[in-house]
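Have a look at the structure below before the remarks.
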Amino acid sequence: MSSPKKGRKRRGRPAESHPDERWMASYMDMVTVLMCMFIVLYAMSTVDQDKFVKLRDSLATGFGTVNVGKIDTATGIVVPPMDVDKKGSLMKSPMDLALVEVDKLSALKDSMRQSLRAQGLNESVEFQIDQRGLTVKLVGSQSFFLPDSPYLSTRATAVLRAIGPVLVRSGLEVSVEGHAANAITSYPSVWELSSERAIGVLRYLVEHEEMPGSRIGAVGYGASRQVNNDSTEALRELNRRVDIVVLSNQPEEVRALIPEALKVRAHSP
Numbered sequence: 045m046s047s048p049k050k051g052r053k054r055r056g057r058p059a060e061s062h063p064d065e066r067w068m069a070s071y072m073d074m075v076t077v078l079m080c081m082f083i084v085l086y087a088m089s090t091v092d093q094d095k096f097v098k099l100r101d102s103l104a105t106g107f108g109t110v111n112v113g114k115i116d117t118a119t120g121i122v123v124p125p126m127d128v129d130k131k132g133s134l135m136k137s138p139m140d141l142a143l144v145e146v147d148k149l150s151a152l153k154d155s156m157r158q159s160l161r162a163q164g165l166n167e168s169v170e171f172q173i174d175q176r177g178l179t180v181k182l183v184g185s186q187s188f189f190l191p192d193s194p195y196l197s198t199r200a201t202a203v204l205r206a207i208g209p210v211l212v213r214s215g216l217e218v219s220v221e222g223h224a225a226n227a228i229t230s231y232p233s234v235w236e237l238s239s240e241r242a243i244g245v246l247r248y249l250v251e252h253e254e255m256p257g258s259r260i261g262a263v264g265y266g267a268s269r270q271v272n273n274d275s276t277e278a279l280r281e282l283n284r285r286v287d288i289v290v291l292s293n294q295p296e297e298v299r300a301l302i303p304e305a306l307k308v309r310a311h312s313p
């Protein structure tokens with residue numbers, strides 16, 4: 045005798061019922077998603093304008109549009125496009141930057157002095173920091189050049205060999221400036237003599253110390269920028285000089301404050 049088929053009523057008994065409630069899980073998932081959507085919509089309805097602008101600029105920068113600014117992720121500050129590649133300049137006054145520049149130039153001077161002292165040449169060079177930068181003065185033609193000659197002496201090459209690596213590592217532009225006294229006897233003019241002396245220093249730094257040619261230039265001032273008169277031989281020696289000027293790369297408004305910054309540093313403990 046065959047058994048009754050599943051789902052049919054048995055004689056004298058009602059058929060068993062098993063309702064499928066799996067739809068409840070899908071329903072609850074849908075309600076949860078809707079709740080999350082409404083929470084997000086509510087959050088978006090209250091916009092912080094400042095945060096929105098920063099987010100907009102950050103996204104624009106990420107997609108290659110830099111004219112709206114750039115986000116400094118460390119501080120959350122919107123950096124103007126002209127300051128994107130500058131380091132340590134934001135939120136600093138010109139005097140703050142001048143003090144930093146004085147410290148940098150002073151460290152450069154100390155490094156040169158240390159190198160010169162190691163070679164016993166520290167008395168051969170004078171240093172000066174001003175609006176232009178750091179000036180290294182090679183004073184006295186008898187120490188650095190033969191009389192009325194543009195050729196470097198052995199002492200001159202020793203000094204340049206000592207300070208050359210420091211000049212190269214600085215990464216700054218350099219101006220070599222020749223000067224002469226009004227007392228030449230066997231040279232066409234003070235202009236040519238001062239210019240050729242400056243060029244001689246430039247060539248040595250480029251050819252022997254690997255100073256990039258794009259960062260250095262030379263000029264001769266003849267006797268137009270004397271530090272004193274030519275009344276005695278000792279005074280004339282001070283006018284026979286070559287200045288190697290390490291040029292500051294700060295803006296003009298910062299460089300103008302370097303003398304004042306030097307006074308502040310001089311009175312600092």
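Going left to right, the sequence shown walks through residues 45 to 313 as this note's numbering numbers them.
Glycine included, every Cβ here is placed at the ideal spot set by N, Cα and C.
**Message:** Rounded to whole angstroms, what is the Cα-Cα separation between LEU152 and TYR86?
**Reply:** 59 Å
**Contacting residues, own chain, Cβ-Cβ under 6 Å from GLY261 (five flanking each side not counted)** = SER219
**Asked** Do PRO194 and VAL298 have their C-beta atoms within less than 8 Å of each other?
**Response** no
**Coarse secondary structure for LEU152, derived from DSSP in three states** = helix
**Request:** Note down the Cα distance separating PHE171 from ARG285, rounded to an integer number of angstroms.
**Result:** 13 Å
**Prompt:** For ASP192, does the three-state DSSP call read helix, strand or coil?
**Reply:** coil
**Item:** Bridge partners - ALA200, DSSP secondary structure assignment
**Value:** Its beta-bridge partners do not exist; DSSP assigns none.
**Prompt:** Excluding the five sequence neighbours on either side, which residues of its own chain have a C-beta within less than 8 Å of the C-beta of LEU165, listed in chain order?
**Reply:** ARG199, ALA202, VAL203 and ALA206
**Request:** Following the continuous alpha helix (DSSP H) through ALA310, name the residue where it begins and the one where it ends.
**Result:** 302-310
**Enclosing beta strand (DSSP E) for GLY222 [first to last residue]** = 218-222
**Prompt:** Can you tell me where the alpha helix (DSSP H) with ALA242 in it begins and where it stops?
**Reply:** 234-252
**Asked** What separation, rounded to the nearest whole angstrom, lies between the Cα atoms of SER150 and ARG247?
**Response** 26 Å
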